[in-house]
Structure formats: structure tokens, C-alpha cells
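J.: Residue numbers (the working numbering): 45 to 702.
Just so you know, even glycine gets a beta-carbon here, dropped at the ideal spot from N, CA and C.
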Amino acid sequence: MNYTHVHTPLQIGASCVIKNRVVRTAHGTILGKGRMSDTLIAYHEARAKGGAGLSILEVGSVHPTSPLAINLWDPSLEDGYRKLVEVCQPHDMKLFQQLWHAGHHALPKDGGPPWGASTVPSVEYGVVPLQMTKSMIAEIIEAYATAARRCEAWGLDGVDVHCAHGYLPAQFLSGVVNTREDEYGGATIQERARFVIELMEAVRSAVSKDFVVGVRLAPDLVVGGVDGEQNLAVAHMLEERGLTDYVNVSVGNYNSFDWMVGGMHFPMGYELPTSLPISTQIKVPTMVIGRFRTLEECDQVIRSGGADMVGLVRAMIADPDLVTKSLAGKVEEVRPCIGCNQACLSQVVTEHGHMECTVNPGVGHEIYRGDAKLVPAAEPKRVLVIGGGPAGMEAARVAALRGHKVTLAEASSRLGGTLHAACKAPTRHGMIDIATWLEAEIFRLGVEVQLSTYMEPDEVLASGAEAVIVATGSTARGNGIVYSHPGLPMRNHDHPRVISGHDLYLDPPRDLGKSAVVIDDTGHYEALGACDYLIEQGLAVTYMTRMRMIGQQAQMFSMVEPFLRRMKGKPFNYLIRHRPVEFTGSELIIAPHHFSDEDVTSRLPADLVVFCTSPEPNRELYTALSDRNTDVRVVGDANSPRFLPVAIREGHLAGASI
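Written out as C-alpha cells, the structure reads:
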């Protein structure tokens, strides 16, 4: 690959030179649980080894009124920061710290109300904040300055002042959040920018001229909020005063949260339409982000003059060695980010969670697992993996990496398992990327693949395998049960026009009809994808679930709102807290979830019913082999049907354990 810009150095500020234009902009990991932990250090060290030129550490809270990922107000974090700098320096990855206060998006440690620009509550918590007094404003500004001073003393190269995404500085900038009538409010962006300017002045004065001070800005996509033109005005004000060494441009806030971490429904560079009108008008270096996955994509943006640096965040979560592999001409070996957000985002927003990765089980666990921790097997064995879905392929890949002689037997005519169904849903074609990569890797590593090969227990025992990994997947139940009412299965559930989500994509009826009801008993994306697919086929669709909200689990990885936007103006409706009672062949009789009395029913038109529920694990082979004292492991859906991150993780651990 011939790169023109992305691999070249760039000077930021008076003296900081980054070795290439790849930036890992700040992203929540929660690996430190408020501290600079060994786990968080190991995560960043892996990306330093992988070739990134610059990493911006996740939000460092400057004040106890805004606790979260790294509580930077605590001076006892010094030892952890010095250790981080020490392990990253040999790899020449520069380190900036993002400085942050969430304002009304955080609940203070003392249990009191949030601090905010005014008394407007956040969309997230709904708690009315304290409108900050001038003394409170001064306290927070000094806290930013103190945090910056510490970062320089502890050996970092710069700070990234977070004035975007609806956090405290952005709350002062917003015309709908900042309703103050003093000098920190006002009708114009120039008036409302006073807090940000004073904040940046304090930070700049607290550090040396060689220490980089940058700013993150973002159009928030909120009516009356901070738009692109206003962000550009703020950037120019800071630039004219010499207060920023670079501008980092993003998009969105908590009112438009799904834009902040765009899923696979967004194209590469989806933020550019809102970022380029800012980034191309700035004299100091600029950086942009937006679901970039390859160095070639980054190079194209820089080459066209769109920015000086490009962020590769989730791409380098999925593969920390992306840069080194790409520069070495091994692009095809880069493990792809699929943009599913099921572990990187979902794990962070859940209470007490921390970041992981769907396609890379080592993420967040770099100290003890992942490819970098694999060691050659002391005694290479003949390993048989049965099942070629994501769990089986990952197991085969890892076992082969460790030097075992691996055979993979798959009953169907192709590898990939249920991902072939998942990728059929509109906007979900990226799901197949990880299967494509795994398939290429197992062939590269010399795994013997036997397709259209169904194995009975006696055949497994006769194969000569010294260790067996069973990854035989699962089968749709077809029992008509929603598990809020397990004793009341839907009557007529065995009708030929009641099908599973898997069947919808891979073995649908010849005539789908004109109307459908999709029943969601898992709350994951499967049912939403089925609705999207059926709408594209021209049907009128009703989504129904026993749960409290549409796509209850999919909410955590920001896929519900984009789905609902796609449904605008289409023949789509949804019902929550309902259950099916009976399918008549042309109608679905339903009842409210909270009634077991079937007298309280209504009817929905339905030529087709798609029943999305947890499937049954195919454990028969595993059970039979276990009874014969075989060295056998079971992974993925065959173990227990869950979701893709778990399947790949279990495959990895099984391959590593032999």
C-alpha cells in the first residue's frame, strides 16, 4: 500500500512531534475505575506497541463533582501515570490527557445535585443541577489548570480540553442549556464562550510553552444548541488568542448519542459533513474521526486536505497492531472492527462495566489474555474443532497459532455459521467481516477445513484427535413461548407461517404476504433486523415484545434510535409489554403482558409471524463425548446461546487452553 501522508510525522505546538498521523482520540474504557490501573496501562501499552502516533487518554475528571473514568483531581494517581509514560515511551507514542467535567451529566461523589451552567437538567439523569455561582466557576477553572499542571509534571505530552458532547464547557456554549443572564450567558456565541476562553487561558498559563494544549469541539445536532458555525467561531476565538495548539472535531451529545459512536449503519467518514466545515478553516493542526477502519481511509482524508490527523479508535480496539501490520504490508491480517458496539460501547455504559471488544477477546484483559499472551504449546496435539461458526473458527485459529495441528469440520457447505443470517438484515452486512477474516486466518495458519462434514461421536473418537472443541451452535426452538409466560405458549405456533429469524433470512416462505408481526423475546437486535428486512420486502410490520422497551438490550449499543429513524414514514408500528396468544393464519391475537387472563385481547393483521427467541443449544455431541471421558470443550451457542462477543471469547479461551 502506497501511503502519502498518514505515515509521516507532524509537529503539534511548539515542540511536540508525533511519528505518524494516527490518533487514538479519547474513548471511555472504565478500565481504571477512577484510577490509572495496571489494566488500563496494559491496554495503552498494547496500542503503543501497535504503532499509534498519539493517544489521548479517556476523560480525566478535574473535580469530585464529576467522577468517572480517571479521577484526575486525586494526586495519588501520580505513580500510575509515571508508569504509563515509562512503558509507552520506548514505542514513541505521545500521550495527551483529556480534561473533563460532565456538568449536569454527572452526579457528585457527595450525593448532592450536579453542577451546571444553568438549572436545565440533562436528558440522561433528569436531575435539576445547581446553576454555578461565580465562585463555583472559578473553582472549576482552577481545577482544570491544576489537572493540566499535574499532567505535565507526571510526564505527559499534552492535554485535550473537552468542550464537546454536551459536557460542562459545551453546556455554557449551548443556547438551550445556558439560560444565564450574567456575563457567562447571553444571546451570542461570543458571550456564551466566556467560560471556555477563561478555562483555556487558565490551562495555557498553568503549563510550559512546550506542553500541548488542545480543544475538542463538536456540533451537537440539537435545535438551538451548538452548531458547526458556532463551533468554528469558538475555534477562531481560541486560535486568535493563542490558546489552542490543535482542534479535535467530533459530533453529537447525549441528545444525539448514537452519532457520537456511530454503528455499522453509518458509513466510513460519516462525521466528515459536520467536521470538514470546521477542520478545513483552522490554521493549527486538526483531527477528525468517524468510523475509519484503515490507514488508506485516513490517508485519503489527510491527502484531500480534510484534516492533519485522523482518529482510529474502535479500529485499534479491535486490532492494536493495525498500524504496524498495515505499514508492513499485511493489511489482510488486520482484524476488522465491525462497528457493532456490543462490547466497546455497551460494556462501558452498563453499570460497573468496562470496555471489551466483540471480535478481540484480549481487549480490556491485556495483562493475561489475547493474542499477545499466547505461547507455543509445550506438546503440540491433533485438535479437532467441530463447527465453523465464529466460536469454532476462533478456537481453530488460536489453537493453530499455538502450534497444534488443527482440523475444523463444518456440517454445512460454508464457514461463518449464523453470521450468514445476521448479515442479511439491512445495514448489518458488516457482521460478516469477522467471519471472512477468521476464515482467511485459519487457512493462512494451515488449519485443515472439512466442509459438508457432519460428525457422529464414533467418528470423532475414530479421528485420532487428542483434543476436541465442540462448536455445533444452536437450533431455533419453535415452541411459541415467551418467557414471561412459559406456561402459556402461543397457540398454533407450529403453523408453517410462524418462522424464526434465522429462517426468515436463510429459508423464508416463497410468499411473505402483506403483513407481519415480529415477536421479540430476547431484546437484542435480531427482531429489529427482521422488521427492517420485512419492511424492505414491502410488508406492513408490527414489532411486539413482552419487555419494557423496544430493543431493550440493543439500547446499550445505540442501535434502536437509528432503527426508528429508518422506520419514519414506513408501515411500521410497535407494542411493548404484550405477548402472543394465538396465530389464526391471518391474524395474531395478543394480550397485554401484565394480564394472564386471555379475555383481554386484541388482534393484529399477520400473514407471517417471525418469532425471535433464545434458541436451543446443540449439546448432544458434547454430552456424548463427555460421557466417554474425551478431552472435550464446548463453546459458543452449543454451550449456551448468547451473542457474538461471548462466542468468540469462548472460542479463544478454548483454543488457548489446550
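Whose C-beta lies closer than 7 Å to the C-beta of residue 216 among residues of the same chain, with five residues either side of it excluded?
T.: 161, 222, 228, 236, 239, 240, listed in sequence order.
J.: Just to confirm the assignment, what range does the beta strand (DSSP E) spanning residue 627 have?
T.: Here the beta strand (DSSP E) through residue 627 covers 622-627.
J.: Quick one: what does DSSP say residue 45 is sitting in, helix, strand or coil?
T.: Correct three-state label for residue 45: coil.
J.: Check residue 206 in the structure and name its three-state DSSP category.
T.: It is a strand residue.
J.: Residue 350: which of 401, 334, 649 sits nearest, CA to CA?
T.: Closest option to residue 350, Cα to Cα, is 334.
J.: Terminal residues of the continuous alpha helix (DSSP H) containing residue 215?
T.: Unbroken alpha helix (DSSP H) run through residue 215: 212-217.
J.: By Cβ distance, which residues of its chain are closer than 7 Å to residue 71, with the 5 residues on each side in sequence left out?
T.: So the qualifying residues of the chain are 102, 357.
J.: Roughly how many angstroms lie between the CA atoms of residue 510 and residue 698, to the nearest whole one?
T.: Approximately 14 Å, taken between the alpha carbons.
J.: Check each candidate in 135, 83, 87 and name the one with the smallest Cα separation from residue 95.
T.: Taking only the C-alpha atoms, the option nearest residue 95 is 135.
J.: Pair every Cβ in the region 361-368 with every Cβ in the region 451-470, then say whether three or more of these pairs are closer than 8 Å.
T.: Touching, no, given that fewer than three Cβ pairs across the two stretches are closer than 8 Å.
J.: Just how far apart, CA to CA, sit residue 125 and residue 199?
T.: Approximately 8 Å, taken between the alpha carbons.
J.: Indicate the three-state DSSP secondary structure (helix, strand or coil) for residue 72 in the structure shown.
T.: Three-state DSSP puts residue 72 in coil, outside helix and strand.
J.: Under 8 Å between the Cβ atoms of residue 635 and residue 514?
T.: Not a contact, by the Cβ cut-off of 8 Å.
J.: Would residue 66 and residue 342 qualify as a contact pair, given that the criterion is a beta-carbon distance under 8 Å?
T.: Yes, these two residues count as a Cβ contact at 8 Å.
J.: Candidates 665, 632, 663: which alpha carbon is nearest residue 650's?
T.: Minimum Cα distance to residue 650 is reached at 632.
J.: Would you call the CB atoms of residue 107 and residue 184 closer than 8 Å?
T.: In contact: residue 107 and residue 184 (Cβ atoms closer than 8 Å).
J.: With a Cβ-Cβ cutoff of 8 Å, do residue 406 and residue 397 count as a contact?
T.: Against a cut-off of 8 Å, the Cβ pair of residue 397 and residue 406 comes out as no contact.
J.: Write down the C-beta distance between residue 293 and residue 303 rounded to the nearest angstrom, noting that I regard them as a contact closer than 8 Å.
T.: 13 Å between Cβ atoms; not a contact.
J.: Beta carbon of residue 232, beta carbon of residue 259: below 8 Å?
T.: The answer is no: Cβ separation not under 8 Å.
J.: Once the 5 residues before and after residue 520 are set aside, which same chain residues still bring their CB inside 6 Å of it?
T.: Cβ within range, chain order: 544, 546, 659.
J.: Assuming residue 209 contacts residue 262 under a Cβ cut-off of 8 Å, what Cβ separation, rounded to an integer in Å, is found between them?
T.: Yes, residue 209 and residue 262 are in contact; Cβ-Cβ is about 6 Å, under 8 Å.
J.: According to the Cβ coordinates, are residue 247 and residue 188 closer than 8 Å?
T.: Taking 8 Å as the Cβ cut-off, residue 247 and residue 188 qualify as a contacting pair.
J.: Which runs of the alpha helix (DSSP H) fall wholly inside the region 466-554 and span at least 4 residues, in chain order?
T.: Fully enclosed alpha helix (DSSP H) runs of 4 or longer: 476-488, 501-506, 545-550.
J.: Span of the alpha helix (DSSP H) holding residue 93?
T.: It spans 82-93 - the alpha helix (DSSP H) in which residue 93 sits, taken as one unbroken run.
J.: Hey, how far is the Cα of residue 74 from the Cα of residue 508?
T.: Straight-line Cα distance between these residues: approximately 46 Å.
J.: According to the neighbour-count rule (16 or more other Cβ atoms, all chains shown, within 10 Å of its Cβ), is residue 412 buried or exposed?
T.: The residue is exposed, with fewer than 16 neighbouring Cβ atoms inside 10 Å.
J.: Can you look up residue 681 in the DSSP assignment and give me helix, strand or coil?
T.: Helix.
J.: Pop quiz: residue 380 and residue 477 are said to be a contact at Cβ under 8 Å. What is the actual Cβ separation, rounded to whole angstroms?
T.: Contact holds; Cβ gap of about 5 Å.
J.: State the start and end residues of the unbroken beta strand (DSSP E) segment that holds residue 617.
T.: Residues 616-619.
J.: Residue 590 by DSSP, collapsed to three states: which one?
T.: Correct three-state label for residue 590: coil.
J.: From residue 608 to residue 159, what does the alpha carbon distance come to, in whole angstroms?
T.: Those two C-alpha atoms are separated by around 33 Å.
J.: Does the region 164-172 come into contact with the region 200-207, if we say contact requires no fewer than three beta-carbon pairs (one atom in each stretch) closer than 8 Å?
T.: No, because fewer than three Cβ pairs between the region 164-172 and the region 200-207 fall closer than 8 Å, the two stretches do not touch.
J.: In three-state terms, what does DSSP make of residue 575?
T.: DSSP places residue 575 in helix when its eight states are reduced to three.
J.: Between residue 298 and residue 167, what straight-line distance do the alpha-carbon atoms span, to the nearest angstrom?
T.: Those two C-alpha atoms are separated by around 7 Å.
J.: For residue 185, which of helix, strand or coil comes out of DSSP?
T.: Helix at residue 185.
J.: According to DSSP, residue 40 sits in a beta bridge with which residue or residues?
T.: There is simply no residue 40 to check, as the chain begins at 45 and stops at 702 in what is shown.
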